[in-house]
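Participant: Residue numbers (our numbering): 1 to 376.
1) Could you tell me which residues DSSP puts in a beta bridge with residue 196?
2) My assumption, with CB atoms under 8 Å, is that residue 58 sits in contact with residue 69. Please give the rounded CB distance.
3) Beta-carbon within less than 6 Å of residue 51's beta-carbon, same chain only, minus the 5 sequence neighbours each way: which residues are those?
4) Return the residue from the list 261, 306, 168 that minimises the CA-CA distance to residue 130.
5) Tell me, please, whether the stretch 279 to 286 touches the stretch 303 to 323 by the rule of three or more beta-carbon pairs shorter than 8 Å.
6) Can you name the start and end residues of the alpha helix (DSSP H) that residue 353 belongs to?
7) So, with DSSP's three-state summary, where would you put residue 136?
8) Within 10 Å of its beta-carbon, does residue 132 have 16 or more other beta-carbons around it, so buried, or fewer, so exposed?
9) Considering only residues of the same chain and omitting the five flanking positions on each side of residue 128, which have a CB-CB separation below 6 Å?
10) Let me know the secondary structure DSSP gives residue 342 once reduced to three states.
11) Report all residues from its chain with a CB closer than 7 Å to the CB of residue 264; omit the five preceding and five following residues, and keep chain order.
12) Once the 5 residues before and after residue 314 are set aside, which same chain residues still bring their CB inside 7 Å of it?
13) Applying the 10 Å Cβ sphere with the 16-neighbour rule, what's the burial state of residue 162?
14) Within its chain, find whatever has a CB closer than 7 Å to the CB of residue 185; leave out the 5 residues flanking it on each side and keep chain order.
15) Taking only the alpha-carbon atoms, compute the straight-line gap between residue 40 and residue 90 and give it to the nearest angstrom.
16) Excluding the five sequence neighbours on either side, which residues of its own chain have a C-beta within less than 6 Å of the C-beta of residue 395, listed in chain order?
17) I need the DSSP call for residue 80, collapsed to helix, strand or coil.
18) So which of 140, 357, 176 has the shortest CA-CA distance to residue 159?
19) Since residue 273 and residue 220 should fall inside the 8 Å C-beta cutoff, what is the C-beta to C-beta distance between them, to a whole number of angstroms?
20) Between residue 208 and residue 174, what straight-line distance do the alpha-carbon atoms span, to the nearest angstrom?
21) At the level of alpha carbons, what is the spacing between residue 400 and residue 325?
22) Taking Cβ to Cβ, would you say residue 126 is nearer than 9 Å to residue 245?
23) Does residue 295 have its Cβ less than 9 Å from a Cβ in chain C?
24) Report the partner residues of residue 187 according to the DSSP bridge assignment.
25) DSSP three-state call for residue 162: helix, strand or coil?
26) Cα separation between residue 368 and residue 353?
27) If I measure Cβ to Cβ from residue 227 and keep anything under 8 Å in the same chain, skipping five residues before and after, which residues do I get?
28) Alpha carbon to alpha carbon, what distance is there between residue 182 and residue 206?
29) Take residue 165 as the anchor and find which of 150, 81, 24, 143 has the nearest alpha-carbon.
30) Only counting the same chain, and skipping five residues up and downstream in sequence, which positions put a Cβ closer than 8 Å to that of residue 330?
31) Using a 10 Å radius around the Cβ and a threshold of 16 neighbouring Cβ atoms, would you call residue 236 buried or exposed?
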């Protein structure tokens, strides 16, 4: 902060409870500086301990000369409000009475292609089809079901999917936590994302495909547990993800080809006796696809002759662009929304799919944007 800066705005003080029972605090402030610039200060850490302080400066506003023009201070205030909302999505609350443990973070997969050397030809592995849906952990606590994204954001829309909630209450024991995806086989990912973000008739078509239990048990025990709960039940909206037991790299490749022929995205390979490692990208879980998915932040956008959006990115300082795999109408609407408010897309995380990378790591081979990950 500059000397003489005036505090113009502060968020409420937020609290969160860690897995070991400690309380964390978070608060953001916006300051107006004497030279016309603005700054934000974020304070976070364990309650009663030394707080970590992070600052950011804003030299000017945005969209000068336009109706939606903002000053540097307005930009700083908007940023504090945005970060406040993100903390709420992570499980932080204004009152300690509302606290529950911080959200479960699902275990993430490493690339099979990059780490095939870690796969033994003499070991039996558990295989499942790789789904192209929305990652979601589901927890039951008493009479409450919670749907959480990969980053801990609550999927509120799914509470209106009455059939799904009813079936989950029928089969999930109290205190149970599952890992899986919101999915509908054959439905494009963009349509699934839209149905999760905003309620529509398509929301009622969605299913929850379970592929793991979040517990201290070993992998084969965790899978056996959820499959036993779902066995012999007449369920339409809760699905046990198919499993196969495979030994040998040649057979893993064949099984991946089988899954692709059935319309799945690829194969997931699970180590038979592995532990569930929350929030870790584990070598005990490998994803096998014939293409590469990488996340980048959107740095800009443009349009083609039909006013369909083209997203722009940077990789190690080198620019590249990619079109989203949406319909023409969806791309035109995305460009229109972006022109009305640049923040609609700028800074958002995007999944870019490509067949390969250049020597400097830039996606090549007609890269496409498969998802804007603002729903997590």
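The C-beta atom is built at its ideal place from N, Cα and C for all residues, glycine as well.
Facilitator: Result, derived from the coordinates:
1) BP columns for residue 196 are empty, so no partner.
2) Contact flag wrong, Cβ pair sits at about 14 Å.
3) 43, 45
4) 261
5) no
6) No alpha helix (DSSP H) holds residue 353; the beta strand (DSSP E) holding it covers 349 to 354.
7) strand
8) buried
9) 211, 241, 243, 268
10) helix
11) 129, 130, 131
12) 299
13) exposed
14) 263
15) 20 Å
16) Beyond the ends of the chain as shown, which are 1 and 376, falls residue 395; an answer cannot be given.
17) helix
18) 140
19) 7 Å
20) 18 Å
21) As displayed, the chain neither begins before 1 nor continues past 376, which places residue 400 out of reach and without an answer.
22) yes
23) Any reference to chain C falls outside this structure, which holds one protein chain only.
24) Answer is none; residue 187 lacks a bridge partner.
25) helix
26) 5 Å
27) 240, 243
28) 6 Å
29) 143
30) 190, 324
31) exposed
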